[in-house]
Amino acid sequence: MNYDVILIRYGELALKGRNRDQFEEALARSVKSVLRSFFKVKVRRNYGRMYVELHGEDAHEVMERLKRVFGISSFSPTIHVEPDQETIKTRALELIRQMDPQPRTFRVVTRRADKRYPTPSMEMNRIVGTHILRALPQIKVDVHEPEAIVNIEIRTEGTYISCETIPGPGGLPVGVSGKVLLLLSGGIDSPVAGWMMLKRGVTLEAIHFHSYPFTSERSLQKVRDLAHKLTKWGGTVRLHVVPFTEIQTAIREKCPEDYLITIMRRFMMRISERVAANTGAKALATGESLGQVASQTLESMDTINKVISIPLLRPLVAMDKIEITDISRKIDTYELSILPYEDCCTVFTPKNPVTRPKAYLAARFEEALDVEALVEAAVEGTVIEEITSKPREESNDLF
Ligand code: ATP
Ligand code: MG
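If you read the sequence shown in UniProt numbering, its first letter stands for residue 1, the second for the next number, and so on.
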């Protein structure tokens, strides 16, 4: 079947007025940006619906991309037909015929938005339904739970028929919720946290703390590759790469071993808060999950939070490792995340990190350091890279 358009449904939320306009504009932008470089299609909006006009492009390839556009609740490959009864009957039957597997039950749902069309919706349901029943003796009508719904939309701009509805990823279109700065490590959790924030409509920037030469160029490349995976859902991601070696070395020289991780995290937060201010991000996000490791207890979160006033979001806080891993497979970051490159935390991991750190003790230990100068130098030395959704060379990503 050569489809003419993909019909996109969205806005199951009670969006009104300006919110609705912003939502629609952001969604149209996302749809265009994921399709633009690959297909010659046209995106059109009309009264709460969005259409991708295919102009001969392959519907399945286009739909594969739409599965990654947040804000889409579902979509349907659709044909555009002349609004006469015979054509509608014939083409509806054709659509059902080419479904694989063949549905055992169906119903017809007509929406007659164009009241100039003479036949009422119920009448159209009956006429088209009867035509299909006669042609396909094995199929039955089921109005409650049909395996296929033949949707006929008679609108002023045309008549559209579809019989497949494919779920979209839901969520909100990227860009409607403002900007968030994600602390992106090379692990399993933080890319998933980034994906979950994208799902809630944020524009994502990422910050990574790099401890060259203790950590290698390959490990930084891995982080770029992970950010690249996220661009498939959210468009370009700006990656802020922070030189962290000097700070880690200073902490290790001057602070007690069991507080290394805590103090290191507090530095990450201070630096991230400044980078967020510079780049207009309204919150930070991490991949922390309560109790997952020693540094992710409530006491530890409190001690880490104390040094910043910007909101710190932890979208994975109540999730199990298995749930997080499942998402990482689904979004295709898992294989990259488990590549065995050292990161700044593994290089400096003390034998017995404190599980219930105290903020006042962390602050006291930090008195041995020139916190402000160290933070300032790290922010100063931060390099910004634009990670785009284009295919990448020289990466760890072989898939
Ligand atoms: P992940 O799988 O995301 O690495 P993790 O379970 O290894 O998380 P930690 O190492 O305790 O947990 O890190 C907690 C969070 O701190 C990470 O999810 C990430 O958001 C942030 N983080 C850790 N290391 C870095 C780093 N080098 N650069 C940027 N953010 C980091
Ligand atoms: Mg980690």
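We treat Cβ as the ideally placed atom computed from N, Cα and C, and that holds for glycine.
These figures come from a predicted structure and were not determined experimentally.
- Task: For GLU25, verify whether its CB is less than 7 Å away from any heavy atom of the ligand ATP.
- Result: Your numbering for residue 25 matches position 25 in the sequence shown. The answer is no for GLU25.
- Query: Quick one: what does DSSP say PHE399 is sitting in, helix, strand or coil?
  - Reply: Along the sequence shown, one-based indexing puts residue 399 at 399. Any answer about PHE399 is weak, because its pLDDT of 47 lies below 50 and its placement is not dependable; what the coordinates show is given next. Here PHE399 sits in coil by DSSP.
- Taking C-beta to C-beta, are PRO191 and ILE261 nearer than 8 Å? For the purposes of this step, residue 191 is taken as residue 191 along the sequence shown, with counting starting at 1. For the purposes of this step, residue 261 is taken as residue 261 along the sequence shown, with counting starting at 1. No.
- For the alpha helix (DSSP H) that THR245 lies in, which residues bound it at each end? Working through the sequence shown from its first residue, we reach residue 245 at position 245. Taken as a continuous stretch (DSSP letters only), the alpha helix (DSSP H) holding THR245 covers 245-254.
- Query: With LEU239 and ILE387 assumed to form a contact (beta carbons below 8 Å), what rounded beta-carbon distance in angstroms separates them?
  - Reply: As a position in the sequence shown, residue 239 is number 239, starting the count at 1. As a position in the sequence shown, residue 387 is number 387, starting the count at 1. Contact flag correct, Cβ pair sits at about 5 Å.
- Item | Cβ-based neighbour list, CYS255, same chain, cut-off 6 Å, excluding 5 preceding and 5 following | As a first step, residue 255 is located in the sequence shown; it is residue number 255 there, counting from the start. Counting only Cβ-Cβ distances below 6 Å, and skipping sequence neighbours, we find ILE263, PHE365.
- Check whether the Cβ of MET196 sits closer than 7 Å to any heavy atom of the ligand ATP, and report yes or no. Walking along the sequence shown from the start, residue 196 turns up at place 196. Checking the Cβ of MET196 against the ligand ATP gives no.
- Task: Could I get the ranges of all uninterrupted alpha helix (DSSP H) runs contained in the stretch 215-298, with 4 residues as the minimum, in chain order?
- Result: 217-234, 245-254, 260-279
- Query: In the DSSP assignment, what residue or residues form a beta bridge with MET50?
  - Reply: Against the sequence shown, residue 50 aligns to sequence position 50. The partner list for MET50 (beta bridge, DSSP) reads ILE8, ARG45.
- Please report the Cβ distance between LEU198 and PHE70, rounded to the nearest whole angstrom; I am assuming they are in contact, meaning their Cβ atoms lie under 8 Å. Sequence index remark: in the sequence shown, residue 198 carries index 198 (1-based). Sequence index remark: in the sequence shown, residue 70 carries index 70 (1-based). Correct: roughly 6 Å between the Cβ atoms.
- Item | Close beta carbons around residue 410, own chain, < 7 Å, minus the five adjacent residues each side | Because residue 410 is not part of the residues shown, which for the chain are 1 to 399, the question remains open.
- What is the DSSP secondary structure of GLY158, reduced to helix, strand or coil? Reading the sequence shown from its first residue, position 158 is the one you call residue 158. Three-state DSSP puts GLY158 in a strand.
- Exposed unless 16 or more other CB atoms sit within 10 angstroms - verdict on residue 405: This structure leaves residue 405 out entirely; the chain is present only between 1 and 399.
- Euclidean distance between Cα positions of ALA378 and ARG274: Counting from 1 along the sequence shown, the entry for residue 378 is found at position 378. Counting from 1 along the sequence shown, the entry for residue 274 is found at position 274. Distance between the alpha carbons of ALA378 and ARG274: 10 Å.
- Could you check the C-alpha separation between SER37 and ILE96 for me, to the nearest Å? On the sequence shown, position 37 is the one that residue 37 refers to. On the sequence shown, position 96 is the one that residue 96 refers to. About 32 Å.
- Message: Assuming THR130 and SER121 are in contact, meaning their beta carbons sit under 8 Å apart, how far apart are those beta carbons, in whole angstroms?
- Response: Translated into positions along the sequence shown, residue 130 becomes position 130. Translated into positions along the sequence shown, residue 121 becomes position 121. That pair is no contact at about 15 Å.
- Please report how far the alpha carbon of VAL223 lies from the alpha carbon of LYS306, in whole angstroms. Against the sequence shown, residue 223 aligns to sequence position 223. Against the sequence shown, residue 306 aligns to sequence position 306. One C-alpha to the other measures close to 27 Å.
- Identity of the residues DSSP links to ALA206 by a beta bridge: Your numbering for residue 206 matches position 206 in the sequence shown. The partner list for ALA206 (beta bridge, DSSP) reads LEU182, LEU239.
- Query: Whose CA, out of ARG155, LYS67, VAL141, LEU204, lies closest to the CA of PRO169?
  - Reply: Counted from its first residue, the sequence shown places residue 169 at position 169. For the residues ARG155, LYS67, VAL141, LEU204, the minimum Cα distance to PRO169 belongs to LYS67.
- Item | Cα-Cα separation between LEU312 and SER272, rounded to whole angstroms | In the sequence shown, the residue the question calls residue 312 occupies position 312. In the sequence shown, the residue the question calls residue 272 occupies position 272. Going by the C-alpha atoms only, they are around 10 Å apart.
- Output the distance between the C-alpha atoms of TYR10 and ALA362, rounded to the nearest integer angstrom. What you label residue 10 is simply residue 10 of the sequence shown in a count that begins at 1. What you label residue 362 is simply residue 362 of the sequence shown in a count that begins at 1. Roughly 48 Å between the two C-alpha positions.
- Task: Could you please give me the residues that DSSP links to LYS140 through a beta bridge?
- Result: Here residue 140 corresponds to residue number 140 of the sequence shown, with the count starting at 1. THR105, per the DSSP bridge assignment.
- Query: Hey, LEU133 and THR286: beta-carbon distance below 8 Å or not?
  - Reply: Residue numbering aside, residue 133 sits at position 133 when the sequence shown is read from its first letter. Residue numbering aside, residue 286 sits at position 286 when the sequence shown is read from its first letter. Contact: no.
- Taking PHE365 as part of the alpha helix (DSSP H), name the residues at either end of that continuous run. Walking along the sequence shown from the start, residue 365 turns up at place 365. Per DSSP, PHE365 belongs to the alpha helix (DSSP H) from 359-366.
- Message: On the DSSP letters alone, give me the boundaries of the beta strand (DSSP E) that HIS80 sits inside.
- Response: Working through the sequence shown from its first residue, we reach residue 80 at position 80. Where HIS80 is concerned, the enclosing beta strand (DSSP E) stretches over 72-81.
- Sufficient close CB pairs (3 or more, under 8 Å) joining the stretch 206-218 to the stretch 242-254: yes
- Message: According to DSSP, is ARG111 part of a helix, a strand, or is it coil?
- Response: Here residue 111 corresponds to residue number 111 of the sequence shown, with the count starting at 1. Reduced to three states, the DSSP call for ARG111 is strand.
- Query: DSSP on GLU57, reduced to helix/strand/coil?
  - Reply: Locating residue 57 in the sequence shown gives position 57, where the first residue counts as 1. DSSP places GLU57 in coil when its eight states are reduced to three.
- Task: Give the DSSP bridge partners of GLU385, in chain order.
- Result: Along the sequence shown, one-based indexing puts residue 385 at 385. DSSP lists LEU239 as partners of GLU385.
- Query: What residue range is occupied by the uninterrupted alpha helix (DSSP H) comprising SER37?
  - Reply: As a position in the sequence shown, residue 37 is number 37, starting the count at 1. Where SER37 is concerned, there is no enclosing alpha helix (DSSP H), given that its DSSP letter is neither H nor E.
- Message: Considering only the alpha carbon of each residue, which of VAL317, LEU336, VAL62, PRO83 lies closest to VAL31?
- Response: The residue labelled residue 31 in the question sits at position 31 within the sequence shown. It is VAL62.
- Task: Out of LEU204, ASP320, SER185, state which residue places its alpha-carbon closest to the alpha-carbon of GLN221.
- Result: In the sequence shown, the residue the question calls residue 221 occupies position 221. Checked all of LEU204, ASP320, SER185; the closest Cα to GLN221 is SER185.
- So which of ASN125, ALA135, MET269 has the shortest CA-CA distance to ASP142? Residue numbering aside, residue 142 sits at position 142 when the sequence shown is read from its first letter. Nearest option by C-alpha distance: ASN125.
- Kindly give me the distance between the Cβ atoms of VAL174 and ALA26, rounded to whole angstroms, as I take these residues to be in contact under 8 Å. The count along the sequence shown starts at 1 and reaches residue 174 at position 174. The count along the sequence shown starts at 1 and reaches residue 26 at position 26. Confirmed, Cβ separation roughly 7 Å.
- Beta carbon of GLU57, beta carbon of VAL41: below 8 Å? For the purposes of this step, residue 57 is taken as the residue at position 57 of the sequence shown. For the purposes of this step, residue 41 is taken as the residue at position 41 of the sequence shown. Yes, these two residues count as a Cβ contact at 8 Å.
- Mapping DSSP to helix, strand and coil, what is PRO167? As a first step, residue 167 is located in the sequence shown; it is residue number 167 there, counting from the start. Note: PRO167 maps to strand in three-state DSSP.
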